[in-house]
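Peer 1: Residue numbers for the sequence shown follow our numbering, beginning at 26 and rising by one.
All residues carry an ideal CB built from backbone N, CA and C; glycine is no exception.
Handing you a structure now.
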Amino acid sequence: RLGIVDRVFTRIGASDDLSSGQSTFMVEMNEVAQILKHATARSLLILDEIGRGTSTFDGMAIARAVLEHVANPRKL
Numbered sequence: 026r027l028g029i030v031d032r033v034f035t036r037i038g039a040s041d042d043l044s045s046g047q048s049t050f051m052v053e054m055n056e057v058a059q060i061l062k063h064a065t066a067r068s069l070l071i072l073d074e075i076g077r078g079t080s081t082f083d084g085m086a087i088a089r090a091v092l093e094h095v096a097n098p099r100k101l
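Listed below in structure tokens is the structure:
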């Protein structure tokens, strides 16, 4: 059951940003950082394939760290 949320954040798909010299991974990490910075305990976050632009183990570590951060409402 989904209750009332104050904000909805999405991070789906990614591509590099050649004009600013950012790789796909850097663009993705910047987007995730902005979401975590502005999300509250009442926000809905929809994140797809976090860490896709890096190695399997690094991507899994990044995804887990994001999930642990989001699961702790005191950090939001």
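Could you check the C-alpha separation between methionine 51 and arginine 89 for me, to the nearest Å?
Peer 2: Approximately 18 Å between the Cα atoms of the pair.
Peer 1: Starting from isoleucine 71, trace the beta strand (DSSP E) in both directions and tell me its first and last residue.
Peer 2: Where isoleucine 71 is concerned, the enclosing beta strand (DSSP E) stretches over 69 to 72.
Peer 1: Identify the residues that DSSP records as bridge partners of arginine 36: which are they?
Peer 2: Note: arginine 36 sits in a beta bridge opposite Leu72.
Peer 1: Which one or two residues does DSSP pair with glutamine 47 in a beta bridge?
Peer 2: Asp42.
Peer 1: If valine 30 sits next to serine 80, beta carbons under 8 Å apart, how far is it from one beta carbon to the other, in whole angstroms?
Peer 2: About 33 Å; that fails the 8 Å criterion.
Peer 1: Since I believe threonine 35 is in contact with glycine 78 (beta carbons under 8 Å), could you give me their beta-carbon distance rounded to a whole number of angstroms?
Peer 2: Actually they are not in contact, since the Cβ atoms of glycine 78 and threonine 35 sit about 17 Å apart, beyond 8 Å.
Peer 1: Would leucine 72 and alanine 64 qualify as a contact pair, given that the criterion is a beta-carbon distance under 8 Å?
Peer 2: The answer is no: Cβ separation not under 8 Å.
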